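Student: Chains as they are written, first to last, in the numbering used here: chain L, 14 to 145; chain G, 14 to 145.
Built from N, CA and C at the ideal position, the CB exists for glycine as well.
These numbers come from a predicted model, not from an experiment.
There are 2 protein chains.
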Amino acid sequence: MVRRRLTRQKRAIFEILKKTNTHMTADEVFGIVKNSIKNISLATVYRNLELMTENGLCDEVYVAGRPKWFEVKKYASHGHLFCRKCLKLEDVIECSFCFTKNRIEKEMNFKGEEFKFLIIGLCKRCYGKRVT
Amino acid sequence: MVRRRLTRQKRAIFEILKKTNTHMTADEVFGIVKNSIKNISLATVYRNLELMTENGLCDEVYVAGRPKWFEVKKYASHGHLFCRKCLKLEDVIECSFCFTKNRIEKEMNFKGEEFKFLIIGLCKRCYGKRVT
DNA sequence: CTATGTGCAAACTATTTGCCGTCTG
DNA sequence: CAGACGGCAAATAGTTTGCACATAG
């Protein structure tokens, strides 16, 4: 078992993610953390976001062809809406997931650790514009 | 509007996917289609799988850090279980998704087109082995 | 015939890794 | 003061694209 150390890089990255209160990509975090730690490297941001995820502090949201998002773990269960036009991600609180997830895991004899619910389409604003 | 042509590459790729009756990666399809069309290119496989998806013939399943899977569209709604140990993907038929999806779309004023439900964890076999 | 589709090779993007010096505990 | 961590640059993997020729309709 590796004994982890709390570096200022780690602290800064986590604080940024917590303050934003939404999902951010590694690159977005990098853009902000550079203000306080001038020569921090993107690799460090990736490494720490991954560590936090492994330790259950963060969740990852992934849409094919897009950079991964990270967010501080907050709701017991929530899903996401991804607008394929403006490329924005939106949260959806949805409690029924927990039950569905638990039932599926029991039925399928699967030890679930994370679960993801994602709807891809057009958000109100983009659909209003009648985009293809 | 582009008028599409039905080439033998397209036909072969679709047939393979339909015959398998599960999700396959582009590379897996490539491995098989090469038997019948010796000098087919992986790029062609990617191009055609994408086209089929756009035309509603296929669905895509993706998990961060893994190659994308494609499958012929079959159930009205189903989700997936991904085992992080053996890296296998399993289908879950789950009808309640439709309702949840419809309700969310109405509540959030979102024009949904595709939706994905994914549980990541350990499958029966790998959990039995008490893997970390 | 003509413009869509293909094969090839090169490009691309997000992410990961190796190396080696730095700094936490 | 050992070994976890960080910075840098190079590597990686999956996928996409540009180009010139092939071919479906």
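1) Taking any Cβ of chain L, which residues in the segment 86–110 of chain G have a Cβ under 9 Å from it, in chain order?
2) So that I know if they touch, is there some Cβ in chain L lying closer than 8 Å to that of I45 of chain G?
3) Taking DSSP as the reference, what is the three-state secondary structure of T38 of chain G?
4) What do you reckon, are the CB atoms on S49 of chain L and A25 of chain L nearer than 8 Å?
5) Counting only beta-carbon separations shorter than 8 Å, does L131 of chain G have a partner in chain L?
6) Counting only the same chain and skipping the five closest in sequence on each side, list residues whose C-beta sits under 7 Å from that of E47 of chain G.
7) Per DSSP, what kind of secondary structure is V76 of chain L in: helix, strand or coil?
8) Under the assumption that M121 of chain G contacts V105 of chain L (Cβ atoms under 8 Å), give the Cβ distance between them as a whole number of angstroms.
9) Whose Cβ in chain G lies nearer than 8 Å to the Cβ of K135 of chain L?
10) Can you tell which of G:R16, G:Y59, G:N34 has the C-alpha that lies nearest to the C-alpha of Q22 of chain G?
11) Could you tell me how far apart the beta carbons of T38 of chain L and K87 of chain L are, in whole angstroms, since I believe they sit closer than 8 Å?
12) What three-state label does DSSP hand V58 of chain L in the structure shown?
13) Between L131 of chain L and K101 of chain G, how many whole angstroms is the CB-CB distance? I'm expecting something under 8 Å.
14) Please report how far the alpha carbon of E107 of chain L lies from the alpha carbon of I133 of chain L, in whole angstroms.
15) Is T113 of chain L close to chain G, meaning its C-beta is less than 8 Å from at least one C-beta of that chain?
16) Can you pull the chain L neighbours of K81 of chain G, defined as C-beta to C-beta under 7 Å?
17) Counting only beta-carbon atoms, is I50 of chain L nearer than 8 Å to chain G?
18) In chain order, which continuous runs of the alpha helix (DSSP H) of length 4 or greater are located wholly inside the segment 87–141 of chain G?
19) Run through the DSSP bridge pairs and tell me what V85 of chain L is partnered with.
20) State the Cα-Cα distance for the pair F83 of chain G and K51 of chain L, rounded to the nearest angstrom.
21) Could you give the C-beta distance for F110 of chain L and G92 of chain L, rounded to a whole number, given that I count them as a contact under 8 Å?
Tutor: The short version:
1) G92, L94, C96, R97, E103, V105, E107, S109, F110
2) no
3) strand
4) yes
5) yes
6) Rather than Glu, the amino acid found at residue 47 of chain G in this sequence is Lys. I53.
7) coil
8) 6 Å
9) The question names Lys, yet the displayed sequence has Leu at residue 135 of chain L. Simply F123, K124, E126.
10) G:Y59
11) About 18 Å; that fails the 8 Å criterion.
12) helix
13) Actually they are not in contact, since the Cβ atoms of L131 of chain L and K101 of chain G sit about 21 Å apart, beyond 8 Å.
14) 16 Å
15) yes
16) A77
17) no
18) 109–121, 137–141
19) L:C71
20) 43 Å
21) 7 Å
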